[in-house]
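1 is the number of the first residue of the sequence shown in the UniProt record's numbering; add one for each residue after it.
Glycine included, each C-beta is placed from N, C-alpha and C at the ideal position.
Source: prediction; values computed, not measured.
Shown next, in structure tokens, is the structure this report addresses.
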Amino acid sequence: MRAMRPLRLLVAEGNPPEMRERHAARSGQTPSVFYAAVLTELAGALNLETKIDLCFPADLGANLPSGEDLAGYDGVAITGSGLNLWKAEKESLNQVEFARAVFEAGLPFFGSCWGLQVAAAAAGGDVKLNPQGREIGIARSIRLTAEGLAHPMHEGRREVFDAPAIHSDEVAVLPAGATLTATNDLCAVQAAEIRSGAGVFWGVQFHPEYTFTELGGILTRYTPIMLSEGFFRDEGEAVSYIKDLVELDADPERKDLAWRLGVAASVLDPLTRRTELVNWLKLQVLPTTSARGRA
1 MRAMRPLRLL
11 VAEGNPPEMR
21 ERHAARSGQT
31 PSVFYAAVLT
41 ELAGALNLET
51 KIDLCFPADL
61 GANLPSGEDL
71 AGYDGVAITG
81 SGLNLWKAEK
91 ESLNQVEFAR
101 AVFEAGLPFF
111 GSCWGLQVAA
121 AAAGGDVKLN
131 PQGREIGIAR
141 SIRLTAEGLA
151 HPMHEGRREV
161 FDAPAIHSDE
171 VAVLPAGATL
181 TATNDLCAVQ
191 AAEIRSGAGV
201 FWGVQFHPEY
211 TFTELGGILT
221 RYTPIMLSEG
231 FFRDEGEAVS
241 YIKDLVELDA
251 DPERKDLAWR
261 LGVAASVLDP
271 LTRRTELVNW
281 LKLQVLPTTS
291 ARGRA
């Protein structure tokens with residue numbers, strides 16, 4: 001059934017101005033603009049229309065929605081970010097306060113990577129630099145926990161799956177009452193449900209929203225870091241890897257590229273890759289919206 005009016009969603013950009021401008025210079029758009037486009041596409045696949053606003057809680061002095069203004073949205077999502085919560089910078093702490101306001105408003109709440117970390121911190125958890133190092137490119141062998149296998153956020157997922165990812169931090173301590181739904185050997189908290197106040201948050205440490213082209217743009221920016229950390233032996237190897245990623249995005253039928261990159265079929269399929277986002281829209285946002293009398 002098509003909603004009487006578009007779902008009203010809010011996407012919170014995780015990056016301060018200089019970081020998102022640097023991202024846009026390489027990828028062609030900021031993370032929040034990209035995220036909003038993905039949500040619009042997924043909602044369309046569910047026969048839903050959306051009206052999506054952006055906000056910038058990392059911007060010092062930003063006028064952020066709260067109270068009744070925030071309650072007017074049907075759901076809130078937080079993007080990834082180049083910030084680190086353990087540095088306790090004002091740009092990060094402001095986002096934790098914003099997440100607390102979203103929890104208080106009781107809105108359907110979702111976050112990828114940084115979004116999971118911010119929500120965890122807002123609810124009383126702790127985020128640290130991962131002592132095992134950076135997870136970048138494709139997160140391998142993510143495993144649903146017993147709770148995750150039964151959780152609607154992962155409806156349609158296999159028990160073990162891969163996903164696009166890039167992060168050096170992790171949720172070291174989940175808030176009290178949180179439910180761990182996915183994990184892997186490199187990062188203990190790959191997905192979780194967090195409840196705080198009136199709100200329920202679904203979040204993942206990986207990036208279900210990413211295309212391989214978007215991932216390739218990020219890896220291009222990160223190439224010097226990846227070289228220093230031993231992910232590539234030289235710049236030519238990095239260029240070749242990124243080129244293969246982008247070409248696979250253009251032609252997912254390229255078995256040779258998928259094999260060479262070790263990309264599973266479930267990662268190639270956009271709807272499967274974005275399972276958690278689809279389920280959030282379908283099972284969190286839409287029912288909550290209907291209960292508010294808009295269906």
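Inset, instruction - Go ahead and pull the three-state DSSP assignment for His151. - result: The residue given as residue 151 occupies position 151 in the sequence shown. Coil.
Inset, instruction - Return the CA-CA distance between residue 309 and Ala265, expressed in angstroms with no decimal places. - result: The shown model of the chain, from 1 to 295, leaves out residue 309, and the question about it has no answer.
Legend entry - Cβ-Cβ separation, Gly124 to Pro57 (assumed contact under 8 Å), whole Å: If you number the sequence shown from 1, residue 57 lands on position 57. If you number the sequence shown from 1, residue 124 lands on position 124. The Cβ separation is near 19 Å, so there is no contact.
Inset, instruction - Put Glu170 into one of helix, strand or coil per three-state DSSP. - result: By one-based count along the sequence shown, residue 170 stands at place 170. Three-state result, Glu170: strand.
Legend entry - Bounding residues of the alpha helix (DSSP H) (the contiguous stretch that carries Leu54): By 1-based counting over the sequence shown, the position of residue 54 is 54. Annotation for Leu54: no alpha helix (DSSP H) segment contains it, though the beta strand (DSSP E) segment containing it runs 50-55.
Inset, instruction - Find out if the Cβ-Cβ distance for the pair Leu144, Thr179 is shorter than 9 Å. - result: Here residue 144 refers to the residue found at position 144 when the sequence shown is read from its first residue. Here residue 179 refers to the residue found at position 179 when the sequence shown is read from its first residue. In this structure, Leu144 sits away from Thr179, with a CB-CB distance that is not shorter than 9 Å.
Inset, instruction - Select from Glu104, Gly217, Pro6 the residue whose C-alpha is nearest the C-alpha of Ser196. - result: In the sequence shown, counting from the first residue as 1, residue 196 sits at position 196. When Glu104, Gly217, Pro6 are compared, the shortest CA-CA separation from Ser196 is found for Glu104.
Inset, instruction - Drop a sphere of 10 angstroms on the beta-carbon of Gln190, count the other beta-carbons inside from all chains shown, and report buried for 16 or more, exposed for fewer. - result: The residue given as residue 190 occupies position 190 in the sequence shown. Here Gln190 is buried, its C-beta having at least 16 other C-beta atoms within 10 Å.
Legend entry - CA-to-CA distance, Leu39 to Ile52, given in whole angstroms: For the purposes of this step, residue 52 is taken as residue 52 along the sequence shown, with counting starting at 1. For the purposes of this step, residue 39 is taken as residue 39 along the sequence shown, with counting starting at 1. Using only the alpha carbons, I get a separation of about 9 Å.
Legend entry - Leu83 beta carbon less than 9 Å from that of Gly14: Here the question's residue 14 lines up with position 14 in the sequence shown. Here the question's residue 83 lines up with position 83 in the sequence shown. Result yes, Cβ atoms of Gly14 and Leu83 sit closer than 9 Å.
Legend entry - Extent of the continuous alpha helix (DSSP H) run through Gly75: Along the sequence shown, one-based indexing puts residue 75 at 75. No alpha helix (DSSP H) holds Gly75; the beta strand (DSSP E) holding it covers 75-78.
Legend entry - Strand pairing of Leu180, partner residues [DSSP]: Against the sequence shown, residue 180 aligns to sequence position 180. According to DSSP, which records beta bridges pairwise, Leu180 is partnered with Ala192.
Legend entry - 9 Å Cβ cutoff met for Ile138 and Val263: Start at 1 with the first residue of the sequence shown, and residue 138 comes out as number 138. Start at 1 with the first residue of the sequence shown, and residue 263 comes out as number 263. Ile138 is a Cβ neighbour of Val263, given a cutoff of 9 Å.
Legend entry - Rounded straight-line distance, which links the Cα of Ala36 to that of Phe98: For the purposes of this step, residue 98 is taken as the residue at position 98 of the sequence shown. For the purposes of this step, residue 36 is taken as the residue at position 36 of the sequence shown. Near 19 Å, if we compare the C-alpha coordinates of Ala36 and Phe98.
Legend entry - is_contact[Ile166, chain B] using C-beta, thresh 9 Å: Among the chains of the structure shown, chain B does not appear; only one protein chain is present.
Inset, instruction - Please determine if the region 244-256 and the region 206-222 are in contact, where contact requires at least 3 C-beta pairs separated by less than 8 Å. - result: Contact annotation: the region 244-256 touches the region 206-222, with at least three C-beta pairs closer than 8 Å.
Legend entry - Whole-angstrom distance between Asp249 and Val160, CA atom to CA atom: Within the sequence shown, residue 160 is the residue found at index 160, counting from 1. Within the sequence shown, residue 249 is the residue found at index 249, counting from 1. Their Cα atoms are separated by approximately 22 Å.
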